[in-house]
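Chains as they are written, first to last, in the working numbering: chain A, 1374 to 1621; chain B, 1374 to 1621.
C-beta atoms are modelled at their ideal positions from N, C-alpha and C, and glycine is treated no differently.
What follows is a single structure, written as structure tokens, with notes after it.
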């Protein structure tokens, strides 16, 4: 049994706790949270001095809290990792052995994820710890990738673009439809297919739409239809960028 | 058996032909195409004067070709529909009974679609033709929506935003990753989950990421990492729009 302690109860921490609890090969020893929470399966503590012995301590806190929290840890020479896409492991206090355990997934507290094969980016100061991190991924049925800091930052950037910005566009589409009394449900099969396509076709080759076929009449009409200046600007920018790719 | 003729062999026409061929309750009488194509199940013609009798003629051509093609039809008082999201049915020559059969789906020729429950927006000049259009949707197991021109235009706009622009972001993410020797595969589970979420959560409420939590350090770092000026601009615009929503 791998003995794990999770620190932090935000989106990532909460989901990792569930993930570890679902594995019969992981002993989730404790969950440290500053806020008052309870958990039916795991001992929750809010006093950091009560931390017990474990094989790994996973800091699931915001980027700028990693240093402070790791400085507060009273033990030495244990494996301590953070879960940030944009922070080097050196941000963790060097009194411990340091690493990264960055799950590349979008975590909303209110939705249960299907955890199958979440990619987890692992990195460590010492080679032997890397083997431990890979084993940990295996035990929770996740796929690991050895990724260094530069790559991890790039991955995080790509994730923001393809996840956060995409989600914004879904929200914007929904708003535009609701304003005209159209049910967002109508659009969902199209959105599903948009994503299904990436598994079979290159997104750059499979691009469709008015900008792809340089249909300026439709582009102009759509821009006029948008009531918000920022949305008009966004539509124009996207259309121009798409046209730039396919004009060449 | 409903007798159907498809005119046009672009993405929409090609997919509709497959769709009708797969239904035992549809007789796809002919497929008109200006380009030289063959089809193992359907008679293909490229001379419009050879069009036979059918219950419906479906014009799957670009918006600006609808008028010209419909003017060339030599018969009268038949049901003729187009498949455009942004064109009124009045664009079709009035010597025939006019309507719209707009499938809200993204069609790439090279990918076989799972056609189950594609939403089809129907509209017609005469009430009895609307019933026929609904029946046609039923026979091919598609879901129909009675949508007027104003709504259809809005739907098309929302589709461009949530499908075409989203696909552009997937392509951009892929490019950013390839430039750093990262496999786009790593990102696909995240993209899947981004879309799965829309079925369970409101996209505006489930927004995550640096802009959502107003993490200016990450935003600045990501902007710096982008080598292309347009991409930097796009990142800034998205971040600002997301911040604007959640600052309030």
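Distance from the CA atom of residue 1605 of chain A to the CA atom of residue 1541 of chain B, rounded to whole angstroms, is 17 Å. With respect to the 7 Å criterion, residue 1616 of chain B and residue 1584 of chain B are classified as neighbours on the basis of their beta carbons. Within the same chain, and ignoring the five residues on either side of residue 1570 of chain A in sequence, the residues whose Cβ sits closer than 8 Å to its Cβ are 1576 and 1579.
Judged by DSSP secondary structure, residue 1403 of chain B falls within the beta strand (DSSP E) whose first and last residues are 1399-1405. Taking the Cα positions, residue 1552 of chain A is about 11 Å away from residue 1600 of chain A. One finds nothing in chain A with a Cβ atom closer than 9 Å to the Cβ of residue 1589 of chain B; even the nearest lies about 11 Å away. Note on residue 1387 of chain A: 16 or more other CB atoms within 10 angstroms of its CB, so buried under the neighbour-count rule. Secondary structure at residue 1544 of chain B: helix, using DSSP grouped into helix, strand and coil. Residues 1405 and 1432 of the same chain have their beta carbon placed closer than 6 Å to that of residue 1380 of chain B, with the five preceding and five following residues left out of the count. Using a CB distance cut-off of 7 Å, residue 1536 of chain A counts as an interface residue toward chain B. Looking at the backbone, the Cα of residue 1415 of chain A and that of residue 1390 of chain A are separated by about 8 Å. For residue 1474 of chain B, no Cβ of chain A is located within less than 7 Å of the residue's own Cβ.
Of all residues in the stretch 1542-1563 of chain B, those with a C-beta nearer than 7 Å to a C-beta of chain A are 1542, 1543, 1544, 1545, 1546, 1547, 1549, 1550, 1553, 1555, 1559, 1560, 1561, 1562 and 1563, reading in chain order. Annotation: the continuous beta strand (DSSP E) that includes residue 1377 of chain B extends over 1375-1380. Distance from residue 1492 of chain A to residue 1526 of chain A at the Cβ level is roughly 16 Å; contact not present, criterion being Cβ atoms closer than 8 Å. Excluding five sequence positions before and after residue 1421 of chain A, the CB atoms of its chain that fall closer than 6 Å to its own CB belong to 1445, given in chain order. In the pairwise beta carbon analysis, the stretch 1504-1522 of chain A is classified as not touching the stretch 1495-1509 of chain B: fewer than three pairs are separated by under 8 Å. DSSP places residue 1510 of chain A inside the alpha helix (DSSP H), whose first and last residues are 1500-1512. For residue 1470 of chain A, the secondary structure class from DSSP, reduced to helix, strand or coil, is strand. DSSP lists B:1475 and B:1518 as the beta-bridge partner residues of residue 1494 of chain B.
Residue-level contact by beta carbon fails for residue 1388 of chain A and chain B, as no gap is shorter than 7 Å. Sequence-distant partners of residue 1611 of chain B (beyond 5 residues in either direction) whose C-beta falls short of 8 Å from its own C-beta, in its chain, are 1584.
Residue pairing by DSSP places residue 1418 of chain B opposite B:1405 in a beta bridge.
Residues 1522 of the same chain have their beta carbon placed closer than 8 Å to that of residue 1461 of chain A, with the five preceding and five following residues left out of the count.
Of the candidates B:1470, B:1531, B:1498 and B:1503, B:1531 places its Cα closest to the Cα of residue 1459 of chain B. Among the CB atoms of chain B, one or more fall inside 7 Å of the CB of residue 1603 of chain A. Annotated three-state conformation of residue 1424 of chain A is coil, per DSSP.
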